[in-house]
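Reading through the structure tokens given below for one structure.
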Amino acid sequence: MTPEDQALAGALMRVNHTGEVCAQALYEAQALAARQPGVRDHMRAAAQDEVDHLAWTQARLTALKSRPSLLDPLWYAGAFSIGWVAGKAGDRWSLGFMAETERQVEQHLNSHLDRLPAGDVASRAIVTQMRDDEARHARTAIEYGGAELPRPVAWLMRRAAQVMTTVAHRL
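Written out as structure tokens, the structure reads:
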């Protein structure tokens, strides 16, 4: 890879790493707030997938001679708070929040597949597997009874994610 391609791949993988930090925090908080044991177990299983994704993105950042976002502790705290609120809204809304989160993440990962350097096979493989896992999380959240979120909530989620991805790309 050229130095420019390596820098781009590193920045994109930093964003993906931060996304996994946030997803882990969201689902851990939602699991703590869940009312039904089945929903709690579902959230914990999704959080475990995010731990795997976190390890993959961390390893890829190292290989690309890049680093995680300097703000990851803040992203985690913010996402945990949001997850707690979503969980306290009730299991149907919490599952709906998970489904909407994962649909948005799937779109985001598709855009990264479009932007990653063609020769970065390792990053592409990681992002592809993550995208497939996130799509599965969205489907199962709906199957467990997740409610469709109101459009303004989905819009707000999209805007918050844009702030995170823009800042994490650089910091």
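All residue numbers for the sequence shown refer to my numbering, where the first residue is 22 and numbers rise by one.
C-beta: ideal position from N, C-alpha, C; glycine also.
Computed from a prediction, not measured in an experiment: that's the story for all the values here.
Run the CB neighbour count on M192, radius 10 Å, all protein chains shown included, and call it buried at 16 or more, exposed below.
By one-based count along the sequence shown, residue 192 stands at place 171. At residue 192 the sequence reads Leu, which differs from the Met that was named. Per the 10 Å Cβ criterion, exposed.
Around the Cβ of W6, are there at least 16 other Cβ atoms within 10 angstroms (buried) or fewer (exposed)?
Nothing can be reported for residue 6, as the shown portion of the chain is limited to 22 through 192.
Is the beta carbon of A168 sitting closer than 8 Å to the one on G104?
Within the sequence shown, numbered from 1, the residue matching residue 168 stands at position 147. Within the sequence shown, numbered from 1, the residue matching residue 104 stands at position 83. For A168 and G104, no; Cβs fall outside 8 Å.
For S90 versus R35, is the C-beta distance shorter than 8 Å?
Residue mapping note: residue 90 aligns to position 69 of the sequence shown, counting from 1. Residue mapping note: residue 35 aligns to position 14 of the sequence shown, counting from 1. Closer than 8 Å, so yes.
Once the 5 residues before and after A55 are set aside, which same chain residues still bring their CB inside 7 Å of it?
The residue given as residue 55 occupies position 34 in the sequence shown. Here the set comprises R61, M64, G108, D112, S115.
In chain order, what are the residue ranges of uninterrupted alpha helix (DSSP H) at least 4 long that sit wholly in the stretch 85–144?
93–109, 112–136
From T186 to G59, what does the alpha carbon distance come to, in whole angstroms?
As a first step, residue 186 is located in the sequence shown; it is residue number 165 there, counting from the start. As a first step, residue 59 is located in the sequence shown; it is residue number 38 there, counting from the start. If you take the alpha carbons of T186 and G59, they lie about 32 Å apart.
Taking the Cβ atom as the reference point for each residue, do A143 and R81 lie within a distance shorter than 8 Å?
Residue 143 sits at position 122 when you count from the first residue of the sequence shown. Residue 81 sits at position 60 when you count from the first residue of the sequence shown. Cβ atoms of A143 and R81: closer than 8 Å.
Buried or exposed: which applies to V184, given that a residue is buried once 16 or more other Cβ atoms fall within 10 Å of its Cβ?
One-based indexing of the sequence shown puts residue 184 at position 163. So V184 ends up on the exposed side.
Unbroken alpha helix (DSSP H) run spanning Y48, endpoints
Residue numbering aside, residue 48 sits at position 27 when the sequence shown is read from its first letter. From DSSP, the alpha helix (DSSP H) with Y48 extends over 24–54.
Buried or exposed for A162, please, with buried defined as at least 16 other CB atoms from any protein chain shown within 10 angstroms of its CB.
Taking the first residue of the sequence shown as position 1, residue 162 is located at position 141. Buried, because 16 or more other Cβ atoms sit within 10 Å of the Cβ of A162.
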